[in-house]
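For the sequence shown, the residue numbers in my numbering are 5 to 701. C-beta atoms are modelled at their ideal positions from N, C-alpha and C, and glycine is treated no differently. A quick note: this is a predicted structure, and the numbers were derived from the prediction, not measured. Take a look at the structure below.
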Amino acid sequence: MPDTEAPLTVTGYIGRIEPEFEVVAQGTFTKHARFGHQFAARSVSASPPSTQIGMERYLSSGYIKGIGPDLAKRIVEHLGERALDIIKEDPRILTDIPGIGAQKAKALAEAFSDQSILQQILQFLIEHGVSPSFAERIYKRYGDRTIDIVQRNPYRLAHDIRGIGFKTADTIAISGLNMSPDHPDRLRAGLAFTLEKGAEEGHCFLPESELLDKACQLLQVNNRELFFPLLKSAIEDRDLIREPRGYYLPAAWEAEQKIAEFVSSRKKELQSRQNDPLSVEQTIASVQSGMGLTFSPEQKEAVCLASTQRLLVITGGPGCGKTTTIRAISALFQEAGKRLMMAAPTGRAAQRMSQVCDIPAMTIHRLLRYNPGTGDFIHNEQEPLPADAVIVDECSMLDIYLAASLFAAIPNDCTLVLVGDKDQLPSVGPGKVFGDIIDSGAAPVIRLTHLYRRSAESTINDIAISINAGITPSIPSPEQRQSADACFISHSDPDEAMAVIRDYVSHELPKNHNFDPSEIMVLTPSNKGPLGTIALNQALQYSLNPPKPGVPELQVGGVTFRVGDRVCQRSNNYMIDPQGVFNGDLGIITEIHPQTKSLAVVLWDGRRILYKPTDIPQLGLAYSLTVHRSQGSEIPCVVLALHDSHYMLLERQLLYTAVTRAKRSLIIIGSRRALHLAVSRISSRRRNTAIVEILGG
Numbered sequence: 005m006p007d008t009e010a011p012l013t014v015t016g017y018i019g020r021i022e023p024e025f026e027v028v029a030q031g032t033f034t035k036h037a038r039f040g041h042q043f044a045a046r047s048v049s050a051s052p053p054s055t056q057i058g059m060e061r062y063l064s065s066g067y068i069k070g071i072g073p074d075l076a077k078r079i080v081e082h083l084g085e086r087a088l089d090i091i092k093e094d095p096r097i098l099t100d101i102p103g104i105g106a107q108k109a110k111a112l113a114e115a116f117s118d119q120s121i122l123q124q125i126l127q128f129l130i131e132h133g134v135s136p137s138f139a140e141r142i143y144k145r146y147g148d149r150t151i152d153i154v155q156r157n158p159y160r161l162a163h164d165i166r167g168i169g170f171k172t173a174d175t176i177a178i179s180g181l182n183m184s185p186d187h188p189d190r191l192r193a194g195l196a197f198t199l200e201k202g203a204e205e206g207h208c209f210l211p212e213s214e215l216l217d218k219a220c221q222l223l224q225v226n227n228r229e230l231f232f233p234l235l236k237s238a239i240e241d242r243d244l245i246r247e248p249r250g251y252y253l254p255a256a257w258e259a260e261q262k263i264a265e266f267v268s269s270r271k272k273e274l275q276s277r278q279n280d281p282l283s284v285e286q287t288i289a290s291v292q293s294g295m296g297l298t299f300s301p302e303q304k305e306a307v308c309l310a311s312t313q314r315l316l317v318i319t320g321g322p323g324c325g326k327t328t329t330i331r332a333i334s335a336l337f338q339e340a341g342k343r344l345m346m347a348a349p350t351g352r353a354a355q356r357m358s359q360v361c362d363i364p365a366m367t368i369h370r371l372l373r374y375n376p377g378t379g380d381f382i383h384n385e386q387e388p389l390p391a392d393a394v395i396v397d398e399c400s401m402l403d404i405y406l407a408a409s410l411f412a413a414i415p416n417d418c419t420l421v422l423v424g425d426k427d428q429l430p431s432v433g434p435g436k437v438f439g440d441i442i443d444s445g446a447a448p449v450i451r452l453t454h455l456y457r458r459s460a461e462s463t464i465n466d467i468a469i470s471i472n473a474g475i476t477p478s479i480p481s482p483e484q485r486q487s488a489d490a491c492f493i494s495h496s497d498p499d500e501a502m503a504v505i506r507d508y509v510s511h512e513l514p515k516n517h518n519f520d521p522s523e524i525m526v527l528t529p530s531n532k533g534p535l536g537t538i539a540l541n542q543a544l545q546y547s548l549n550p551p552k553p554g555v556p557e558l559q560v561g562g563v564t565f566r567v568g569d570r571v572c573q574r575s576n577n578y579m580i581d582p583q584g585v586f587n588g589d590l591g592i593i594t595e596i597h598p599q600t601k602s603l604a605v606v607l608w609d610g611r612r613i614l615y616k617p618t619d620i621p622q623l624g625l626a627y628s629l630t631v632h633r634s635q636g637s638e639i640p641c642v643v644l645a646l647h648d649s650h651y652m653l654l655e656r657q658l659l660y661t662a663v664t665r666a667k668r669s670l671i672i673i674g675s676r677r678a679l680h681l682a683v684s685r686i687s688s689r690r691r692n693t694a695i696v697e698i699l700g701g
């Protein structure tokens, strides 16, 4: 047992403890390997102060609305240390205190009552397995009705409270409220959650058999028949949508319908003023002259079609001239005096568009003006974009929800040009919108195939082509590399692979191949595992930015941050900066303030963002990124970790996406078996989507 006079850390679920409250914790003493002696609390209770000084401090702390230091002193002088209990028993006694009239007494009584109700609600939630932070959110959402709502149907929490999923609600229902495993509310919530899990795997809907099998497995229920009346009632209530192909959540069904309607409605050519064919040819000649190249027939056709079509799709692999084609089309629109807007799903892709076309580009969220207060976009069907033409790059990353929102904001006579690589990974969210539009045949599609970025002898090109064809590529070893721009370093042991990755990133590539460390990115399929981003970032941080005496650090959620660290924003944050910071934005830590536990990051676009303690958990180290998070990027030198430990994630589109991020050099470190397995799998293509079917393709 530690010295009880010394400060002691208490861990466990602890409800709201107000100033000067006396706390009783029951549990056991423990010793943490890193943080030393602690007390692991099984239960924590708090009671009002038992002294007049403590009661006075509590009442004047601001927790009771309307009471300042002077009034707190008068209340305690009149009622003593039992002031709270006395007021609860008879609020009218407040009128006996000098300076408190009937109206003030009534307001104070209501404030005391509100605090008492809040304490009861928070205590109820915590006793039923809700963490204190979620308990506060639940109370803000439901107010005084919290206990009644949670007792009636705890699964409402999963839909109404951001951050609470089905599993948390299920724990509250089963463990906290003793709900039976086959209760209709539980089974119906399980059906919806199964569809939500399907969306995480990219599916827009699930066939009935698959839905029931997965729901039975999730809920550990063996009788399928229990679900049929619940499916019927959910359909009647419009909580689920049934189509012959399967079951949808309403938002997914509506998004697919809107996308299909938009594509179908754009088949007619523009009826507004056409570009003169001569001006199209002049634009092509001007751009070719300025860039010192000659367009392929496909690129010329893309520019011509952009002048007449209301929807145009352009697809092609890396180095096939997508960006050059965007530049030519943007020049055409500018020459015609059209109001042009340009966007991409990620900030880095938007920045690249801006640099190439010399026209401001932005993320789709910024383009549509996301409103964090409502969770909607300001630009929509009622308030479309003020544009005559919109060009969107990296469209393989569009999920059904973002695509539906984007399409809704496109004016009727506006030209929309969608550009991307259909062979890359599909969106993280549900659907494969870009590929489905191409496969439907309902929109004009230009396929760019001529290589521009690299020579035809490029090893990276050969590797990408082989992967797309389902052929395991022949990649030279470092000894065979010579002038090749790619090599494979075979290591089946993850520790050995990690050591080689560290050596290449910190020594071999900067010293012998003239790459600045900022030009090198380590990609990997996973976050976890011996060669996931967590392990790789820790190792690379130690090699590239080790601790230095006297240099401040900040530890948040098991991650140590230092000045000079490369970091990545891991979720959208619309409140931290007027322009917002978006999932995938990269930056460098330039300041750390230990006193305030805050830090400053300079983002890729030059903005300085101050991260308060509550915002920092949204940051992660970015010496290594997952392949998914790297989409939309061009990286001078890619080091790809590819190992058997990534088994569940290995597949063709992921490997193709990783390889095609590399602009000048590619080093794959791992096992040949993992390489072969990734090439042979095409699982990410198998998503339950219906856009092609709806469009009659």
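Pair within 8 angstroms by beta-carbon distance, residue i and residue j
i	j	result
SER334	ILE414	no
ASP427	GLN123	no
GLY180	LEU210	no
ARG1	SER470	Since the first residue of the chain shown is 5 and the last is 701, residue 1 is not available in this structure.
ALA347	ILE450	no
ILE479	ALA256	no
LEU625	LEU654	no
ALA666	VAL642	yes
TYR143	LEU161	no
CYS418	ASP392	yes
Local Cβ density within 10 Å of residue i, reported as buried at 16 or more and exposed below that
i	result
LEU297	exposed
HIS511	exposed
PHE411	buried
HIS369	buried
VAL571	buried
HIS207	buried
LYS552	exposed
GLN573	buried
VAL14	exposed
GLY674	buried
ALA289	exposed
Straight-line Cα distance separating residue j from residue i
i	j	result
GLU200	ALA219	11 angstroms
HIS41	LYS35	4 angstroms
THR664	ALA604	32 angstroms
LEU98	ASP148	24 angstroms
VAL683	LEU544	28 angstroms
LEU12	PRO598	22 angstroms
ASP581	GLU265	36 angstroms
ARG506	LEU422	39 angstroms
GLN275	ASN416	Caution applies to GLN275, whose pLDDT of 46 falls short of 50 and renders its modelled position unreliable; the value that the coordinates give is listed next. Each residue's alpha carbon lies about 11 angstroms from the other.
ILE71	SER117	14 angstroms
ILE702	PRO254	Absent from the model: residue 702. The displayed extent of the chain is 5 to 701, so no value can be given.
ASN531	GLN303	39 angstroms
ALA139	ASP380	26 angstroms
ARG277	ILE698	Note that ARG277 scores a pLDDT of 44, beneath 50, so its modelled location is shaky and nothing firm can be said.
ASP440	VAL567	44 angstroms
ASP466	PRO477	8 angstroms
GLU214	LEU244	15 angstroms
PRO102	ILE121	27 angstroms
ASP425	ALA678	24 angstroms
TYR615	SER602	6 angstroms
Contact test: residue i Cβ vs the ligand GTP heavy atom, cutoff 7 angstroms
i	result
ARG690	Among the components of this structure there are no ligands whatsoever, and the ligand GTP is therefore not found.
Per DSSP, cross-strand counterpart(s) of residue i
i	result
ASN375	ASP380
MET579	DSSP lists no partner for MET579.
GLY591	VAL571 and LEU607
GLN42	THR13 and THR34
GLU247	GLY250
PHE438	The partner list for PHE438 (beta bridge, DSSP) is empty, contrary to what the question assumes.
GLU557	ARG566
LEU670	ALA490 and VAL642
SER409	Partner(s): none; SER409 has no beta bridge.
Taking one C-beta from the stretch 498 to 506 and one from the stretch 528 to 537 each time, how about it: are there three or more such pairs within less than 8 angstroms? yes
Should the stretch 230 to 245 be regarded as contacting the stretch 177 to 195, the criterion being three or more beta carbon pairs within less than 8 angstroms? yes
Contact between the stretch 610 to 629 and the stretch 557 to 564 is defined here as three or more beta-carbon pairs at a separation below 8 angstroms; is this criterion met? yes
Is there contact here, the stretch 377 to 393 with the stretch 351 to 360, by at least three beta-carbon pairs under 8 angstroms? no
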